Every structure is written in structure tokens, then in C-alpha cells.
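Colleague: This is the structure I want to talk about, given as C-alpha cells.
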Amino acid sequence: MTGIAVRVEALEMVYEIDGEQVHALRGVDLEFAPGESIALLGPSGSGKSSLLTLLAGLQKPTSGRALLDGQDVTAMSERALLTLRARDVGVVVQGPARNLLPYANAEENVRFAQRAVPRDRRGRLRPPAELLEGLGLGHVRRSGLGALSGGEQQRLSLAVGLAGAPGLLLADEPTSQLDATNRAHVVDMLTAAAADGATIVVVTHDEHMAQQVDRSVHLRDGLVVP
Ligand SMILES: Nc1ncnc2c1ncn2[C@@H]1O[C@H](COP(=O)(O)OP(=O)(O)OP(=O)(O)O)[C@@H](O)[C@H]1O
Ligand SMILES: [Mg+2]
Numbered sequence: 002m003t004g005i006a007v008r009v010e011a012l013e014m015v016y017e018i019d020g021e022q023v024h025a026l027r028g029v030d031l032e033f034a035p036g037e038s039i040a041l042l043g044p045s046g047s048g049k050s051s052l053l054t055l056l057a058g059l060q061k062p063t064s065g066r067a068l069l070d071g072q073d074v075t076a077m078s079e080r081a082l083l084t085l086r087a088r089d090v091g092v093v094v095q096g097p098a099r100n101l102l103p104y105a106n107a108e109e110n111v112r113f114a115q116r117a118v119p120r121d122r123r124g125r126l127r128p129p130a131e132l133l134e135g136l137g138l139g140h141v142r143r144s145g146l147g148a149l150s151g152g153e154q155q156r157l158s159l160a161v162g163l164a165g166a167p168g169l170l171l172a173d174e175p176t177s178q179l180d181a182t183n184r185a186h187v188v189d190m191l192t193a194a195a196a197d198g199a200t201i202v203v204v205t206h207d208e209h210m211a212q213q214v215d216r217s218v219h220l221r222d223g224l225v226v227p
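So the numbering used here is basically just the index in the sequence shown, starting at one, shifted up by 1.
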């Protein structure tokens, strides 16, 4: 599989709350090669989640562009973005429950994420049971979300993000609620996806994870810093 190239050009994100402007991103330029794995680091409020959701096309920037394999996601229609995310870009947003279908069990959540993958690519997909097993979730395969702990929901979110064997995985703090054993499961899973050719962008405060990726990018106050 070929990973997706990422290019960010002069990206700015200004939120407005109660007439006050919050400058979350102040002109970010970045380039990630296909298959590269990147850790996005920085203090709380530095703009990491804003950058990730912009790359996923989940919101529009104030200015600038974000290109995935040359396609500008900041200019795409919602419909095209839905297709892109369903087929090519796995997204795990911050806060596990937001990534999951509340009325489906663990395995059904993974299966659902695989439904939009074109037939000619289905052979590449890992069986849901195997993905869940790899993340230490074999025993809760048939459990509904209400029966899953926070950490289990977090790992399930990653299983869903990886379910379609995406060319790009965008994951926001996928280990924030996990113990050492389960953090290692997640790192193994991301390493396997990278070995498969996927480009990976992971927001993390986890030093161990940051050491496993190809490169770290540090954000501070809405800017990339050395
Ligand atoms: N939807 C929003 N509306 C208003 N302000 C927002 C919104 N999302 C983020 N912000 C603000 O933008 C800034 C950057 O937030 P962002 O969530 O990108 O930071 P972060 O680096 O992911 O932080 P954390 O490590 O706490 O998750 C913060 O000041 C935040 O309060
Ligand atoms: Mg965040």
C-alpha cells in the first residue's frame, strides 16, 4: 500500500468565542512524506487537535491549505470528505466515545468502518476479530459500548480508525487513558500500519510513542517550533 503525502501551507485557525478571537494556529507549514510516521507534540492548547481536525477536513481553516496527495481538503465538499475519510483516511479524534457508534458492539463498530472500502481493496483488510485481539480487546468483542471501560473504548477507537487499512491515519492522543501494557499494544498496532505503508500522524504526550516514530513535530502557541 502507498501512504498518503501530507502538505500544510500557511495554515491559520482562529476561533471566535463571545467576540474574543483565539488564535489556535498562526501559520503552520509542514510536509510529511508517504509512509512517514510523525508524532505531534506540544503543550495543552498549542493547536495539535486543531491541526489534526483540519487535516481530516472536519473543520475549515481561517486561511491556508492542507493537501492530501495533492488534494486540498480545505476546499473539498462535505460529500467528498466523507468518501475520503471512509476510504482513505482513518481518523481518531480526541475523546474516544466520539469515534464510536453507541448502539453497536465492539466488533460491529469495526465492521461498520470497513463497509465503505471498495471491493477491490477488501482483501487487504484485517478481520475485525484480529484487529481487536491485537489491541487486547478479544474478550470484549461482543460487548456494547456501555460495557467498555474508557481505555477499552479508546483502543476500540483506534481499531475503527485502522479498520479500513487507510493510507493516512490521524490519531489524537490514542493512549491518554491506557496503562503501559495497552500503550504497547497501540504502539505495536501503529508500527504494523506504518510497516504496511500508511502515513501516520499521532498527537501524543507519550515519550515512548514519540521515540517509535520517524519524526517529531513540536507545536507551541499555534506555531511549529524546532
Ligand atoms: N471549537 C473551538 N472553539 C473555540 N476555541 C477552540 C475550539 N477548539 C479549540 N479552541 C482553542 O484553540 C486553542 C488550541 O486548541 P487545541 O484543541 O487545538 O489544542 P491542543 O494542543 O489539542 O490541546 P490539548 O493538549 O489540551 O488537547 C485553545 O486555546 C483552545 O481553547
Ligand atoms: Mg487536543
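The beta-carbon is built from N, C-alpha and C at its ideal position, and this holds for glycine as well. Remember, predicted model here, so these are calculated numbers, not experimental data.
Return the chain-ordered list of same chain residues with a C-beta closer than 6 Å to the C-beta of residue 29, the five sequence neighbours on each side being excluded.
Modeller: Taking the first residue of the sequence shown as position 1, residue 29 is located at position 28. Result list for residue 29: 9, 12 and 225, in chain order.
Colleague: CB-CB under 8 Å to residue 86, same chain, minus the five flanking residues each way: which ones, in chain order?
Modeller: The sequence position of residue 86 within the sequence shown is 85, counting from 1. So the qualifying residues of the chain are 57, 58 and 92.
Colleague: With DSSP as the reference, label residue 25 as helix, strand or coil.
Modeller: As a position in the sequence shown, residue 25 is number 24, starting the count at 1. Looking at residue 25 - three-state DSSP - the assignment turns out to be strand.
Colleague: Are the region 196-207 and the region 167-186 in contact at 8 Å, needing three or more beta carbon pairs?
Modeller: Touching, yes, given that three or more Cβ pairs across the two stretches are closer than 8 Å.
Colleague: Is the region 15-35 touching the region 187-194, taking contact as three or more C-beta pairs under 8 Å?
Modeller: No: the two stretches stay apart, fewer than three of their Cβ pairs being nearer than 8 Å.
Colleague: According to DSSP, is residue 91 part of a helix, a strand, or is it coil?
Modeller: As a working mapping, residue 91 is identified with position 90 in the sequence shown. Note: residue 91 maps to strand in three-state DSSP.
Colleague: Taking just the CA atoms, how far does residue 61 sit from residue 186?
Modeller: To locate residue 186, count along the sequence shown from 1; it is residue 185. To locate residue 61, count along the sequence shown from 1; it is residue 60. Roughly 33 Å separates the two Cα atoms.
Colleague: By a C-beta neighbour count over all protein chains shown, 10 Å radius and 16 as the cutoff for buried, is residue 25 buried or exposed?
Modeller: Numbered from 1 along the sequence shown, position 24 holds the residue referred to as residue 25. Buried is the call here.
Colleague: What are the partner residues of residue 145, as DSSP defines its beta bridges?
Modeller: Locating residue 145 in the sequence shown gives position 144, counting from the first residue. DSSP output for residue 145 lists 106 as bridge partner(s).
Colleague: At a cut-off of 7 Å, is residue 154 close to ligand 1 when judged by its beta-carbon and the heavy atoms of the ligand?
Modeller: The sequence position of residue 154 within the sequence shown is 153, counting from 1. Incorrect: residue 154 has no Cβ contact closer than 7 Å to ligand 1.
Colleague: Taking only the alpha-carbon atoms, compute the straight-line gap between residue 76 and residue 155 and give it to the nearest angstrom.
Modeller: By one-based count along the sequence shown, residue 76 stands at place 75. By one-based count along the sequence shown, residue 155 stands at place 154. Distance between the alpha carbons of residue 76 and residue 155: 30 Å.
Colleague: Count the other C-beta atoms from every protein chain shown that fall within 10 angstroms of the C-beta of residue 71, then say buried if there are 16 or more, exposed otherwise.
Modeller: Your numbering for residue 71 matches position 70 in the sequence shown. Result: exposed.
Colleague: Nearest-angstrom Cα distance between residue 45 and residue 96?
Modeller: Along the sequence shown, read from residue 1 onward, the residue named residue 45 stands at position 44. Along the sequence shown, read from residue 1 onward, the residue named residue 96 stands at position 95. Using only the alpha carbons, I get a separation of about 14 Å.
Colleague: Could you tell me the distance, in whole angstroms, from the CA atom of residue 63 to the CA atom of residue 223?
Modeller: Working through the sequence shown from its first residue, we reach residue 63 at position 62. Working through the sequence shown from its first residue, we reach residue 223 at position 222. Their Cα atoms are separated by approximately 13 Å.
Colleague: Straight-line CA distance for residue 37 to residue 90?
Modeller: To locate residue 37, count along the sequence shown from 1; it is residue 36. To locate residue 90, count along the sequence shown from 1; it is residue 89. About 14 Å.
Colleague: Just checking residue 92 against ligand 2 - is the residue's beta carbon closer than 7 Å to any of the ligand's heavy atoms?
Modeller: Counting from 1 along the sequence shown, the entry for residue 92 is found at position 91. Flag unset: Cβ of residue 92 not near ligand 2.
Colleague: Using 10 angstroms around the beta-carbon of residue 102, count the other beta-carbons present and answer buried if the total reaches 16, otherwise exposed.
Modeller: The residue labelled residue 102 in the question sits at position 101 within the sequence shown. By the 10 Å Cβ count, residue 102 comes out exposed.
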